[in-house]
Every structure is written in structure tokens, then in C-alpha cells.
Amino acid sequence: MTIARRRLLQLAAGIAALPALASTASAETYPARSIRLIVPQAAGGAADISARLIGHWLSERLGQPCTIENRPGAGGNIGTEAVVTSAADGYTLLLAGSFNAINATLYEKLSFNFIRDIAPVGGIMRNPLVMVVHPSIPAGTVSELIAYAKANPGRLNFGSAGNGSPQHMAGELFKMMAGIDLVHVRYRGSAALLSDLLRGEIQMAFDPIFSSLEHVKSGKLRALAVTTATRSSALPDIPTVAETVPGYESVGWVGIGVPRHTPTQIVERLNAEINAGLADAAIQARLTDLGGAPLQGSPAEFGKLIAEQTERWGNVIRTAQIKPE
């Protein structure tokens with residue numbers, strides 16, 4: 000081999016190694032500038048508030064601003080796609096949620112594959128829904144509601160924030176597992192749903208505790224059960240649906256994801272800081288105020304939750320033949 004050819008091969012090897020070296024260097028100096036956290040939902044909801052809590056925490060811990068950018072639309076797909084197509088450098092984060100696990104099956108022609116294209120960093124909050132009914136419904140327990148629905152097939156309806164929303168999926172899963180006929184009434188958001196429920200225009204809903212708690216405490220709505228496997232600290236005296244329908248669980252959740260191929264060191268750094276925030280008493284108290292609970296864990300554990308939830312809701316969507324609006 001000539002000296003010139005040997006030199007050429009050495010240069011080629013050096014060039015090939017540059018991306019890995021650059022990745023390592025960027026991970027070691029991370030973060031060197033501001034970070035943006037994209038929230039694929041409108042401002043003001045529990046998910047958005049949890050993002051702002053963690054964003055503020057990360058700003059303080061990482062020494063760089065973490066700005067919140069709301070990009071609602073298409074059930075969360077617009078904001079998610081913006082992150083999927085961003086550089087995998089740790090400077091664009093996604094507030095991922097249960098909507099992503101639902102959308103993976105609900106939408107047949109997405110430009111991305113959520114599980115493939117978003118790397119899990121860590122959970123933030125597990126947020127139960129609460130089964131609430133209008134006081135005119137003669138049911139004080141889940142078993143009484145099931146009996147009433149079986150005696151009046153097709154006459155009991157439940158509202159949701161739209162096809163494929165977490166409220167809708169919770170109701171469809173309950174229908175399947177309880178063996179009852181409920182009529183789904185879709186709205187363009189939780190505010191309109193609650194307004195009709197309070198007036199008795201619809202009979203029941205699976206609503207986030209955050210938005211229903213005040214009405215439950217005032218007696219305007221009756222809480223029958225929460226949808227998590229264990230009882231909620233926000234409504235400690237209210238049983239779970241699973242206490243009547245074994246195996247039932249429908250829980251909202253949010254966490255942080257990043258574009259795939261983001262350096263492992265950056266993912267681990269972000270995970271450690273997020274978990275530190277979730278161990279903070281003030282953040283824990285604020286999440287409780289939102290009706291939720293901290294969702295701590297490793298990137299692998301968060302990834303396992305995403306995979307399990309995607310499979311669960313995929314089965315429900317296919318069985319109930321749910322289509323996007």
C-alpha cells in the first residue's frame with residue numbers, strides 16, 4: 000500500500016469518527032444554550048401546567064432557560080411531529096402523553112412512528128380520570144350504574160373531548176369490560192362537556208380529576224370511581240373502577256421524550272434532573288393539586304409504559320372500530 004493511499008484511509012477513518020466525537024463533546028458540555036419544551040396541547044390544562052413545573056425546575060438545575068412552546072392540533076400530532084423532525088441534540092423536548100399511545104393506532108397515516116422516532120426520557124405525572132354522573136342518575140356505585148345501564152340499554156350516554164381522547168377511551172374500555180351499552184357523545188373540549196353534564200344534557204363522563212374535583216365537592220356531580228389501579232389521594236374515599244370491574248385501568252400520563260438518536264448521556268442527565276424534581280415536596284404538592292401523582296423512573300421504565308399503553312389502546316381502538324374525527 001502506498002503512503003498516499005494509507006494516508007487517504009486514515010483521513011477517511013478520522014472523518015467517520017467525527018460525528019461520534021461531536022456527539023460526545025456536545026453531551027459533555029450540555030446544555031450550552033436554551034432548551035425548548037414543546038407541549039402538543041393548549042395552555043392551561045393539567046398537562047401544560049405539569050410541563051411548566053418541570054420546565055422551571057430544569058431551568059434552575061441546568062442553568063439555561065427552558066421555554067414552553069404550545070403547539071396544539073390534530074390530537075397532539077402536530078407538536079409531536081415538530082419534535083420528531085428536530086435535531087437530536089437535547090435542545091428540543093416533547094411533552095409526551097397518553098394521547099401519543101392512542102394516536103399510534105387511531106391515525107393510520109402518521110408521518111412518524113412514535114415508539115421508533117421518540118426516545119423516552121422519563122415520566123412526570125400519572126393522572127387518573129374520575130367516573131362522574133349527574134345527580135339525577137339513580138346510581139351511587141359502579142355496580143349500581145352497571146345494573147342501571149343493563150336495565151336501560153342505549154339510554155345512558157357519556158361525553159368525551161372527542162374521538163380517541165383519553166375520556167373516550169376510558170368509556171369504551173369500561174363498556175367492553177362491564178358488558179354494557181353506552182352512547183358516546185363527543186365534544187370539542189372538556190369545557191363544553193362539563194357544561195352539558197352539569198345541566199344533565201349528558202349523564203356521565205370519565206373526566207380528569209383536575210377539572211371535575213370542584214363540582215364533585217360541591218355536590219353538582221357524583222363521583223363513583225377513579226380509573227387508576229389504586230385510589231387517588233385527591234379523592235381518597237372514592238373507590239377504583241377495578242374494585243367492581245377487575246383488571247380495569249385507564250390512566251392519563253405525561254412525560255418527556257426527545258428525538259431518537261439523542262446522545263445517551265443527555266437522556267440520562269435529563270432523566271436524573273426530572274426525577275430529582277419529582278422528589279421535591281413542592282412539585283409533589285402541585286401535582287397532587289392537579290389530581291395526579293409523580294411518575295418517576297428510568298428511561299427504560301418510561302419506554303415500557305409507552306409500549307404497554309400503545310398496545311392496550313390499540314386493542315380497544317380496533318375492537319370498537321374507533322376512527323379519528
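Residue numbers (numbering that gives the first Met the number 0): 0 to 324. By construction, the Cβ of each residue, glycine as well, lies at the ideal position given by its N, Cα and C atoms.
Quick check on residue i: does DSSP put it in helix, strand or coil?
i    : result
F209 : helix
I2   : The predicted position of I2 is uncertain, since its pLDDT is 44 and thus under 50; a value taken from the coordinates is nonetheless stated next. In this structure, I2 counts as helix in the three-state DSSP scheme.
A21  : Low confidence applies here, because A21 scores a pLDDT of 45, under 50, leaving its location unreliable and the question unanswered by this model.
E310 : helix
I329 : Only positions 0 to 324 of the chain appear in the structure, and residue 329 is not among them; the question remains open.
T28  : helix
P323 : coil
Does residue i pass the burial test, meaning 16 or more other C-beta atoms within 10 Å, or should it be called exposed?
i    : result
E27  : exposed
P127 : buried
G153 : exposed
N112 : exposed
P137 : exposed
R317 : exposed
E80  : buried
E324 : exposed
P235 : exposed
P134 : exposed
S110 : exposed
G62  : exposed
S217 : exposed
G170 : buried
A224 : buried
T66  : exposed
R32  : exposed
T239 : buried
G54  : buried
G296 : buried
A50  : buried
Measure from the alpha carbon of residue i to the alpha carbon of each residue in the options, then state which is nearest.
i    : options                : result
G254 : K219, G291, H260       : G291
G44  : Y147, F301, A177, N69  : N69
T226 : P137, W56, M168, L92   : M168
A42  : P64, T84, L94, L234    : L94
R187 : G158, R268, L304, E80  : G158
A46  : P235, Y106, L220, P71  : P71
E272 : G161, G122, Q320       : G122
I321 : P165, Q264, G251, G302 : P165
I305 : S142, G251, T140       : G251
I237 : G89, E59, V131, I53    : V131
Q264 : V38, D180, D88         : D88
N156 : P30, Q295, E200        : E200
I145 : M175, G161, P30        : M175
V141 : P293, I48, R221        : R221
Y90  : S189, Q40, I34, E59    : I34
V215 : H55, G54, M124, G139   : G139
G276 : Q40, S58, L36          : S58
T84  : W56, I37, M203, A160   : I37
A190 : A204, E143, L286, R285 : A204
Would you please verify whether the beta carbon of residue i is less than 9 Å from any beta carbon of chain E?
i    : result
S217 : Annotation note: the requested chain E is absent from the structure, which comprises a single protein chain.
At 3 residues or longer, what runs of the beta strand (DSSP E) sit wholly inside the segment 126–198?
156–159, 182–185
As an exercise, report each continuous beta strand (DSSP E) stretch of at least 3 residues that is fully enclosed by the segment 78–122, in chain order.
91–96
Using 8 Å as the cut-off, can you tell me whether the segment 245–265 makes contact with the segment 115–133, which would need three or more C-beta pairs spanning the two stretches below that distance?
yes
Kindly confirm or deny that the segment 136–149 and the segment 269–287 touch, where touching means at least three C-beta pairs closer than 8 Å.
no
3 or more residues per run - each beta strand (DSSP E) lying fully within the segment 228–306:
250–258
Runs of 3 residues minimum, wholly inside the segment 33–62: which ones carry the beta strand (DSSP E) assignment?
34–38
Answer yes if the segment 93–102 comes into contact with the segment 62–82, meaning at least three C-beta pairs across the two stretches below 8 Å, and no otherwise.
yes
When the Cβ atoms of the segment 222–241 are set against those of the segment 188–208, are three or more pairs found closer than 8 Å?
yes
Taking contact to mean 3 or more Cβ pairs, one atom from each stretch, closer than 8 Å, check whether the segment 101–111 and the segment 308–319 are in contact.
yes
Pair every Cβ in the segment 234–244 with every Cβ in the segment 183–203, then say whether three or more of these pairs are closer than 8 Å.
no
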